[in-house]
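Chains as they are written, first to last, in our numbering: chain A, 1178 to 1687; chain B, 1259 to 1559.
As structure tokens, then:
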């Protein structure tokens, strides 16, 4: 029986109880000591194992410039799993997983180390049955991508034999402008075919983000009003209550727009604005997302339609906190923005005249990510002006995190003899109606990498389109000196409020 | 928990609304009604299990205890919300004549428009779909392994009376085994020439696993006995040698396959809340289970 004609008799598409378990494979993790590895990747791998979704014999190889043995690496993973895993720690799961741990010490330019890595992988194929399938997770600064993938190529680690695969996983930032994004992509592309490069935008792994598509396209009651006839504008917010913390080295010179708007917010926006895809496979989704991103136009006057700021010292949530310029590792003259807001238009029939306002910032009022679709007011009110005084715009708010769910805001009569109409909220809490314990975004995404299922990963075309949108704004800011300032724990600089006031609108308080 | 003595369905419904408003959140995120028909002595444990499952599926949980059917009718209930529950709960005790009309109490308490599941944690009616309470539900969950009498016949009884919407926790229990066996054939693309399942002598799950393997692989499946716990071994014979999963402690299994080293793999026997949560995740017809049951019935005929 040839491998291609084999149909697994135990599989049946109707059998939805059977989870998708990744085929035989292993993962090589570069940058094992970083926050990303310890807080996200390792716990997610354990959680996957605990849920029985990893193949028997799954192997995890760490690569770092440390003088470690396999046991030391095991200890690191153990500590990280204990501290950050979502599911309960079970000895038998751990034992199963830990048998597949290997560690290869070395520098990124160390040929001997990569030789060692190749031998390790080949041994794993023999000992553990990983079958020649390996994913390389680059949890390292993008500056090293070139070195690492170059080494992978040179040592034959990137070439998959027939019926096996090699994949590479990278995290944001995908460059810092269009030029650098293209260079980065050229580096990855020279070694791995496009379909084997997985760019992780962990927002796309979140249940609520995937639910945007379900809400829009599985229902009839939203899509008919999802257009310029009924929608007044859209606000997409990602606010953090924390400062830059220990990320000064990364953040200085990057700023809020590059860090968040380029990837998360523009991806959210394309999911909100896109037309119905013909199916939910990767290509169909990408086509629609790309269409939206290529129809985005910036308003002509960048100065009037954007805002940026840096947080000042102040009190946030009852805690006294530093200003951005006082943070350790930040230059006193830094012009990096910690708050960014931009207005974009989408030039399609569906969205003509509906502005999309995107904002993000650090040290804002609270941690929240949400998309608010704000509707036009009813064209005619048979009520006296005094009765609808407290009625504002209807809105549909998709809360991405925390407290995932959806809120609908509409007017209702206040009980009493007079006709008075006031805004009320109707809430759907995702956690209330479904699993309290939905999988972490990283679990979903890592499993998708191992399964080779790419719908949730942005492709380089999308990345480049996003930079095309953002680059002129960044250039304008670059030429205009210091950003505005805002007190920590507030909702951003006054210039952001003025930016909306010019259009006769206000920011929602999320 | 509020005690309602000598009440009616509308009394219980009113208490639900009062408790919700009192908790400050009149909105309902509940996705289904779960009816549990249970004996007094098992009620506490069953409600605990439902609580565990309710984390994943917020539900209105109605525990129904059918007491002595003689004497004057009386409906007593304990109603509660919150406190570890993501939904609402009522434990309803029926006594006297009303025991024979339990559906009259339950029907008005079903949530509008959303699905109804019913679960018998212990002995189940021989034909759940024809049971007055069972008829209210789209999903009827029995547990052949928990039957207190006629253990060896329990699964056969359920298979005989199977209709769309019935399911048994014995089937739920083998999902991890099935997943692993299916994954094994993803890796070893080989024709299976025979199979065997070894388990405790009375194990409805093992019987179902054997039937499923026979159905899918179209080979004879041998079913042999062991000391347990539960299923201890499943083997798929191939031309290259056997693919074997053994589990002697109910926790950690060993996976052996031709040309590959033996590997440990976690395969824990799951507890009831987890099983119930899985069962409630799929409320539509389970075609694969239906086919497996059919095979069980055919084999006996």
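Ideal Cβ placement from N, Cα and C applies to all residues, glycine included.
Owing to the predicted nature of the structure, the values given are computational and were not obtained by experimental measurement.
Return the first residue and the last residue of the beta strand (DSSP E) that residue 1487 of chain A is part of.
1483–1489
Between the segment 1424–1444 of chain B and the segment 1453–1465 of chain B, can you find at least three pairs of beta-carbon atoms closer than 8 Å?
yes
When the Cα atoms are used, what is the spatial distance from residue 1179 of chain A to residue 1208 of chain A?
Residue confidence is low: residue 1179 of chain A scores 45 on pLDDT, short of 50, so the model does not pin down where it sits. No coordinate-derived value is stated.
Count Cβ pairs between the segment 1493–1502 of chain B and the segment 1445–1456 of chain B that sit closer than 8 Å; are there 3 or more?
yes
Which residues of the segment 1360–1372 of chain A have a Cβ closer than 9 Å to any Cβ of chain B? Give them in chain order.
none
Reduced DSSP category for residue 1637 of chain A - H, G, I as helix; E, B as strand; rest coil:
helix
Buried versus exposed, by CB contacts within 10 Å (16 or more), residue 1481 of chain A
exposed
Taking Cβ to Cβ, would you say residue 1669 of chain A is nearer than 9 Å to residue 1489 of chain A?
no
By a C-beta neighbour count over all protein chains shown, 10 Å radius and 16 as the cutoff for buried, is residue 1546 of chain A buried or exposed?
buried
Applying a beta-carbon distance threshold of less than 7 Å, which residues of chain B neighbour residue 1694 of chain A?
It is not possible to answer for residue 1694 of chain A, since the shown part of chain A is limited to 1178 through 1687.
With DSSP run on the structure shown, which of helix, strand or coil describes residue 1543 of chain B?
coil
Per-residue DSSP class, three states only, for residue 1218 of chain A
helix
Using a beta-carbon distance cut-off of less than 8 Å, what residues from the segment 1194–1224 of chain A approach chain B?
1194, 1195, 1196, 1198, 1200, 1201
Three CB pairs or more closer than 8 Å across the segment 1505–1516 of chain A and the segment 1381–1390 of chain A
no
Any heavy atom of the ligand GDP closer than 8 Å to the CB of residue 1247 of chain A?
Annotation note on the ligand GDP: not contained in the displayed structure, which lists no ligands.
Indicate whether residue 1343 of chain A and residue 1367 of chain A have their beta-carbon atoms separated by less than 9 Å.
no
Please classify residue 1279 of chain B as buried or exposed, where buried requires at least 16 other C-beta atoms within 10 Å of its C-beta.
exposed
State the start and end residues of the unbroken beta strand (DSSP E) segment that holds residue 1310 of chain A.
Here residue 1310 of chain A belongs to no beta strand (DSSP E), and DSSP marks it neither H nor E.
Could I get the ranges of all uninterrupted beta strand (DSSP E) runs contained in the segment 1461–1547 of chain B, with 3 residues as the minimum, in chain order?
1479–1483, 1489–1496, 1499–1504, 1510–1515, 1518–1524
What first and last residue would you give for the alpha helix (DSSP H) that runs through residue 1252 of chain A?
1247–1261
Could you say if the segment 1518–1532 of chain B and the segment 1291–1311 of chain B meet the contact criterion of at least three C-beta pairs nearer than 8 Å?
yes
Quick check on residue 1372 of chain B: does DSSP put it in helix, strand or coil?
coil
Would you decide whether residue 1417 of chain B is buried or exposed? Buried here means 16 or more other CB atoms lie within 10 Å of its CB.
buried
Cross-strand partners of residue 1654 of chain A (DSSP beta bridge):
Its beta-bridge partners do not exist; DSSP assigns none.
Can residue 1685 of chain A and residue 1518 of chain A be called in contact, C-beta distance under 9 Å?
no
Name the two residues that bound the continuous beta strand (DSSP E) containing residue 1572 of chain A.
1572–1578
Could you name the residues of chain B that residue 1689 of chain A contacts, counting a contact when the two beta carbons are closer than 9 Å?
A query on residue 1689 of chain A cannot be resolved here, the shown segment of chain A reaching from 1178 to 1687 and no further.
Can you grab the Cα-Cα spacing for the pair residue 1392 of chain B / residue 1424 of chain A, in whole Å?
59 Å
For a quick check, are the C-beta atoms of residue 1680 of chain A and residue 1486 of chain A less than 9 Å apart?
no
Touch check for the segment 1319–1338 of chain A and the segment 1285–1292 of chain A: three-plus C-beta pairs under 8 Å?
yes
For residue 1538 of chain A, the residue or residues it bridges with in DSSP:
A/1416, A/1516
In three-state terms, what does DSSP make of residue 1183 of chain A?
coil
Answer yes or no: do residue 1584 of chain A and residue 1416 of chain A have a C-beta to C-beta separation smaller than 9 Å?
no
Are any of the Cβ atoms in chain A nearer than 9 Å to that of residue 1280 of chain B?
no
Quick check on the DSSP output: the beta strand (DSSP E) that includes residue 1431 of chain B runs from which residue to which?
First-last for residue 1431 of chain B: 1427–1431, but that is the alpha helix (DSSP H), not the beta strand (DSSP E).
Less than 9 Å between the beta carbons of residue 1353 of chain B and residue 1326 of chain B, yes or no?
yes
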